[in-house]
Amino acid sequence: MGNGGRSGLQQGKGNMDGVAATPTAASASCQYRCIECNQEAKELYRDYNHGVLKITICKSCQKPVDKYIEYDPVIILINAILCKAQAYRHILFNTQINIHGKLCIFCLLCEAYLRWWQLQDSNQNTAPDDLIRYAKEWDFYRMFAIAALEQTAYFVGIFTFLWVERPMTAKKKPNFILLLKALLLSSYGKLLLIPAVIWEHDYTPLCLKLIKVFVLTSNFQAIRVTLNINRKLSFLAMVSGLLLESIMVYFFQSMEWDVGSDYAIYKSQDF
């Protein structure tokens, strides 16, 4: 069995008759999940003597709880890119990943750079003036802040819809913290913005639209898998997020003269 697939798992320390098992979760939010039927599981595998592993079989669907623990990480990544629900459950429930914050910041930097690049591309001026270079720098910071606010509005729209539509008879409340982590992880497609800008081509606008569609598709799958809800609710939640984000975009566009580029102001003063 490949060792690469178990890199994200914590091997059990306790022994029972010479058998080591994956640790039992202390709470529902920490329990493992079957990647096939989404049922909770106490363990993913048992480690017998001499490194012999046996994958746990789900009591509900009679399939391996998590077949991906013996897969290479590259294969898991490919399955995640294909938006397979099993791969998402493996990543979200059965691995220990703590890069949500760093990934979020990096994705926002990519999006801010794209907006800053488009802004500078529309304002051609090669004057080596220190004031202009200073304005360009602050343009980037402003683009980062705007991108962060728009993404926050998108998430708030999703959470608000899911909270309103939450069944009154539901036994468990939606785990919005886990959902937030899932949305942040599933937004990794924004990293493709930088290569699309660096290798600029006539098809760059089309590439940017395809990247946007890919990110939305990944977010849709993350919502559906994390909360175990149907596709209709997941789609409506995503639409609600996009609606609130669009309102935020319209607000910034309407305030263009107030939050517009300082570089454009300095450029107009040169004439």
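Using numbering that gives the first Met the number 0, the letters of the sequence shown correspond one by one to residues 0 to 270.
In this text, a Cβ means the ideal position worked out from N, Cα and C, and glycines have one as well.
Source: prediction; values computed, not measured.
- Residue pairing for Tyr31: DSSP places it in a beta bridge opposite Ala40.
- The straight-line gap separating the alpha-carbon atoms of Glu199 and Asn93 is approximately 39 Å.
- Excluding five sequence positions before and after Ile34, the CB atoms of its chain that fall closer than 6 Å to its own CB belong to Asp65, Gln85, Arg88, His89, given in chain order.
- When the beta-carbon positions are compared, Glu110 and Leu242 stay at least 8 Å from each other.
- Judged by beta-carbon spacing, Glu244 lies within the 8 Å limit of Ala152, meaning their Cβ atoms are closer than that value.
- For Ala146, same chain residues with a beta-carbon under 6 Å away, outside a window of 5 residues either side, are Leu107, Glu110, Ala111 in chain order.
- The continuous alpha helix (DSSP H) containing Lys180 extends over residues 175-184.
- Here Leu81 is exposed: its Cβ has fewer than 16 other Cβ atoms, across all protein chains shown, within 10 Å.
- Of the other Cβ atoms in all chains shown, 16 or more fall within 10 Å of the Cβ of Val214; this residue is therefore buried.
- Beta-bridge analysis with DSSP links Pro63 to Ile56.
- C-alpha of Tyr70 to C-alpha of Leu91: approximately 16 Å in a straight line.
- The three-state secondary structure of Ile197, taken from DSSP, is helix.
- Excluding residues up to 5 positions away in sequence, Pro173 lie with their Cβ nearer than 6 Å to the Cβ of Leu226 in the same chain.
- Per DSSP, the unbroken alpha helix (DSSP H) holding Arg230 starts and ends at 230-253.
- Annotation: the continuous alpha helix (DSSP H) that includes Tyr87 extends over 84-92.
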